[in-house]
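J.:
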Amino acid sequence: MELYKTNQLKIYNSLSKSKEIFKPLIEGKVGMYVCGPTVYSNVHLGNVRTFMSFDMIFRYLKHLGYKVRYVRNITDAGHLENDADAGEDRIAKKARLEEIEPMEVVQRYTVDFHETLQTINNLPPSIEPTATGHIVEQIEIIKDIIEKGFAYVENGSVYFDVLKYNEKEHYGILSGRNIEDSIHNTRELDGQSEKKNPQDFALWKKADERHIMRWPSPWSNGFPGWHLECSAMSTKYLGETFDIHGGGMDLKFPHHECEIAQSKVNNGVYPVNYWMHANMLILNGQKMAKSTGNYILPNEIFSGDNKILSKAFSPSATRFFMLQANYRSILDFTSAGLEASEKGYIKLMEALSGLDKIETSKTSSIAINAWKQKCYDAMNDDFNTPVLIAHLFEAVKFVNLLLDKKESISVEDLATLKSTFNAFVFDVLGLKNELQEDSSDKLSGVVEMLIAMRKDARDNKDWAMSDKIRDELAILGIQLKDGKEGTTFSVN
Ligand SMILES: [Zn+2]
218 MELYKTNQLK IYNSLSKSKE IFKPLIEGKV GMYVCGPTVY SNVHLGNVRT
268 FMSFDMIFRY LKHLGYKVRY VRNITDAGHL ENDADAGEDR IAKKARLEEI
318 EPMEVVQRYT VDFHETLQTI NNLPPSIEPT ATGHIVEQIE IIKDIIEKGF
368 AYVENGSVYF DVLKYNEKEH YGILSGRNIE DSIHNTRELD GQSEKKNPQD
418 FALWKKADER HIMRWPSPWS NGFPGWHLEC SAMSTKYLGE TFDIHGGGMD
468 LKFPHHECEI AQSKVNNGVY PVNYWMHANM LILNGQKMAK STGNYILPNE
518 IFSGDNKILS KAFSPSATRF FMLQANYRSI LDFTSAGLEA SEKGYIKLME
568 ALSGLDKIET SKTSSIAINA WKQKCYDAMN DDFNTPVLIA HLFEAVKFVN
618 LLLDKKESIS VEDLATLKST FNAFVFDVLG LKNELQEDSS DKLSGVVEML
668 IAMRKDARDN KDWAMSDKIR DELAILGIQL KDGKEGTTFS VN
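So the sequence shown is residues 218 to 709, counted in the numbering used here.
1) Would you be able to state if there are at least three C-beta pairs under 8 Å between the segment 425–440 and the segment 266–281?
2) Have a look at Lys247 and Thr705 and give me their C-alpha separation to the nearest angstrom.
3) Could you check the C-alpha separation between Asp417 and Leu605 for me, to the nearest Å?
4) What are the complete alpha helix (DSSP H) segments, minimum 4 residues, inside the segment 423–472?
5) Three Cβ pairs or more, each shorter than 8 Å: is that satisfied between the segment 625–636 and the segment 564–581?
6) Could you tell me if the beta carbon of Glu476 falls within a distance shorter than 7 Å of some heavy atom in ligand 1?
7) Would you give the residue range spanned by the alpha helix (DSSP H) that Asp272 belongs to?
8) Threshold first: 3 residues or longer. Then list the beta strand (DSSP E) segments lying entirely within the segment 339–396, N to C.
9) Just mark Ser233 as buried or exposed, buried being the case when its beta carbon has 16 or more other beta carbons within 10 Å.
10) If I follow the unbroken alpha helix (DSSP H) through Leu498, where does it start and stop?
11) For Leu697, tell me which candidate among Glu665, Ile390 and Lys678 has the shortest Cα-Cα distance.
12) Tyr376: which of Gly253, Lys360 and Val328 sits nearest, CA to CA?
13) Return the bridge partner residues of Val708 from the DSSP annotation.
14) So is the beta-carbon of His472 under 7 Å away from any non-hydrogen atom of ligand 3?
15) Under the criterion of a Cβ to heavy atom distance below 7 Å, does Gly464 qualify as lining ligand 1?
16) Measuring from the CB of Cys252, is there a heavy atom of ligand 1 at a distance below 7 Å?
17) Please state whether the Cβ-Cβ distance between Thr602 and Leu646 is less than 8 Å.
18) Quick one: is the Cβ of Ala447 within less than 7 Å of any heavy atom of ligand 1?
19) Got a sec? Which residues, its chain only, sit under 7 Å from Ile695 by beta carbon, not counting five neighbours each side?
20) With the cut-off set at 8 Å, would you say Ile513 and Leu262 are in Cβ contact?
21) Could you tell me whether the Cβ atoms of Glu567 and Phe530 are closer together than 8 Å?
22) Please check the pair Thr551 and Asn501, which I expect to be a contact at CB under 8 Å, by giving their CB distance rounded to whole angstroms.
23) Expressed to the nearest angstrom, what Euclidean distance is found between the alpha-carbon atoms of Ser448 and Asn496?
24) Helix, strand or coil for Asn483 per DSSP?
25) Do the segment 339–351 and the segment 461–472 touch if we need at least three Cβ pairs shorter than 8 Å?
26) Excluding sequence positions up to five away, which residues of its chain have a Cβ less than 6 Å from the Cβ of Asp407?
27) Below 8 Å, how does it come out for the segment 269–289 and the segment 248–255: are there three or more Cβ pairs, yes or no?
28) Does DSSP put Gly703 in a helix, in a strand, or in coil?
29) For Met596, count the other beta carbons within 10 Å of its own beta carbon; 16 or more makes it buried, fewer makes it exposed. Which is it?
30) Would Phe600 and Tyr562 qualify as a contact pair, given that the criterion is a beta-carbon distance under 8 Å?
31) By DSSP, does Ser531 sit in helix, in strand, or in coil?
32) When burial is assigned at 16 or more other CB atoms within 10 Å of the CB, is Asn543 buried or exposed?
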């Protein structure tokens, strides 16, 4: 039986500002959309944290047996500077400064994004659609919103009429802003005067002559507003209403507020049942900013190539550090914090290796099932990873006491301890055992060396030595196999 049937998962819904029992629209299936990166620079460490949080959520939903369709977009057009409706497109600006094509910018930073997330062991989403790949869908939504009377055309650009929407609906339902406070962050540039009200936001922008990324539309040669792509892609792949929409806290307003308004007008229904927001990351107690030097790139953590850090930290130690904070809390990224987490991570991995050396007894002196339930309770309480990790450290204690024979465990309970411990550490938290990988790399090196020595012995017709190497390895459970391509080995 699927685990979701016996686990009552609660999710903190940013819309109701409370923890709610999670009930997907279709039993056993979850549709989840997470706003992806704007690929105009190396992925920001704060974004890495956000995507890692949703990776952990994706992993736990899968662990519970849900079939999850996880959609995370790539913003490769339409995101203007300062999240505003005026100013230059972030990708086009980078392309202009570096004298390359916008799509070269997109390609470079999409690759960086994927590599970084793979390094920290995030699973890929089920679908990763791009804004430029969905221009047609976005134009169709704009046509529909204009037809319904909630958008107007001005000088080739199209704006969403927020005040009209707010007459019947609540613009600010998610962010808690009232309409007076909802003035969009626009600079006094051309475009500003085109809006009827400063609360309105762009659905389509006419491209000026410098603007490289442009598409034909009924209104002008231009490009879609940033908020629209997420409405278009989430509806296309997950339906008019879907289960979970996630993103960073900073996207709540205006981005997610605008998504709700557009989709509500377009489809007649609210798009999302559970809104989830991951909190921000700060560095040494302060906001990360390139200009002040209080800044670090994800890769610099793994190389240690940044003066903020005392040394390099592995991807799993970094991941473990981030998951020791609740996804809804601000995370302060510090070298001392990473060092402490690294020690904890090593203890965890050593305990996992120790599991195989435990001898069983007829009865157990430890309540393994109660411990297992506490692990699930922690995750069912809005994915509370710090509490889960505290329980995993309890398991570390069990392992050490069992190895010292100060406690006893039955065969059945040891199997439960092993499977639960492994599932939470590797499948749910997404950690890798880097210590084990290291030693298996070394083992391969040693066996390859012995294979080379055996070949030398055979070349010298020293059959006794050749057989000795093969037989001694066989005793250790390492089988050599001679083939046309040379000798290979397998470990039993
Ligand atoms: Zn979005």
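Backbone N, C-alpha and C fix where the C-beta goes; we use that ideal spot for every residue, glycine too.
T.: According to the structure shown:
1) no
2) Looking up residue 247 in the sequence shown gives position 30. Looking up residue 705 in the sequence shown gives position 488. Per the sequence shown, residue 247 should be read as Val rather than Lys. Val247 and Thr705: Cα-Cα distance of roughly 44 Å.
3) For this step, residue 417 is matched to residue 200 along the sequence shown. For this step, residue 605 is matched to residue 388 along the sequence shown. Roughly 44 Å separates the two Cα atoms.
4) 443–455
5) yes
6) Stepping through the sequence shown from its first residue, residue 476 is reached at position 259. For ligand 1, at least one heavy atom lies less than 7 Å from the Cβ of Glu476.
7) As a position in the sequence shown, residue 272 is number 55, starting the count at 1. Where Asp272 is concerned, the enclosing alpha helix (DSSP H) stretches over Leu262 to His280.
8) 368–371 and 374–377
9) Along the sequence shown, one-based indexing puts residue 233 at 16. Under this definition Ser233 is an exposed residue.
10) Translated into positions along the sequence shown, residue 498 becomes position 281. Careful: Leu498 lies outside any alpha helix (DSSP H), inside the beta strand (DSSP E) at Leu498 to Leu500.
11) Here residue 697 is taken as the residue at index 480 of the sequence shown, counted from 1. Taking only the C-alpha atoms, the option nearest Leu697 is Glu665.
12) Locating residue 376 in the sequence shown gives position 159, counting from the first residue. Nearest C-alpha to Tyr376: Lys360.
13) Taking the first residue of the sequence shown as 1, we reach residue 708 at position 491. Per DSSP, Ile695.
14) Ligands present in the displayed structure are limited to ligand 1, and ligand 3 is not among them.
15) Counting from one through the sequence shown, the residue named residue 464 turns up at place 247. Gly464: yes, Cβ under 7 Å from ligand 1.
16) Sequence index remark: in the sequence shown, residue 252 carries index 35 (1-based). Yes, ligand 1 has a heavy atom inside 7 Å of this Cβ.
17) On the sequence shown, position 385 is the one that residue 602 refers to. On the sequence shown, position 429 is the one that residue 646 refers to. Yes, the Cβ-Cβ distance between Thr602 and Leu646 is below 8 Å.
18) The residue labelled residue 447 in the question sits at position 230 within the sequence shown. Correcting the residue type first, residue 447 is Cys in the shown sequence and not Ala. The answer is yes for Cys447.
19) Position 478 of the sequence shown, counting from 1, holds the residue named residue 695. For Ile695, where only same-chain residues beyond five positions count, the Cβ hits under 7 Å are Val664, Phe706 and Val708.
20) For the purposes of this step, residue 513 is taken as residue 296 along the sequence shown, with counting starting at 1. For the purposes of this step, residue 262 is taken as residue 45 along the sequence shown, with counting starting at 1. Closer than 8 Å, so yes.
21) As a first step, residue 567 is located in the sequence shown; it is residue number 350 there, counting from the start. As a first step, residue 530 is located in the sequence shown; it is residue number 313 there, counting from the start. The answer is no: Cβ separation not under 8 Å.
22) In the sequence shown, residue 551 corresponds to position 334, counting from 1. In the sequence shown, residue 501 corresponds to position 284, counting from 1. Sure, about 6 Å apart at Cβ, within 8 Å.
23) Start at 1 with the first residue of the sequence shown, and residue 448 comes out as number 231. Start at 1 with the first residue of the sequence shown, and residue 496 comes out as number 279. C-alpha separation (whole angstroms): 22 Å.
24) Position 266 of the sequence shown, counted from the first residue, corresponds to residue 483. Correct three-state label for Asn483: helix.
25) no
26) Counting from one through the sequence shown, the residue named residue 407 turns up at place 190. Low per-residue confidence applies at Asp407: pLDDT is 46, beneath 50, and the placement is therefore not dependable, though the value from the model is reported in the following sentence. If we look at Asp407 and ignore the five residues flanking it on each side, it has no Cβ neighbours.
27) yes
28) On the sequence shown, position 486 is the one that residue 703 refers to. Residue state, collapsed to three classes: strand.
29) Counted from its first residue, the sequence shown places residue 596 at position 379. By the 10 Å Cβ count, Met596 comes out buried.
30) Walking along the sequence shown from the start, residue 600 turns up at place 383. Walking along the sequence shown from the start, residue 562 turns up at place 345. No.
31) Counting from 1 along the sequence shown, the entry for residue 531 is found at position 314. Of the three classes helix, strand and coil, the one that applies to Ser531 here is coil, per DSSP.
32) Here residue 543 is taken as the residue at index 326 of the sequence shown, counted from 1. Buried.
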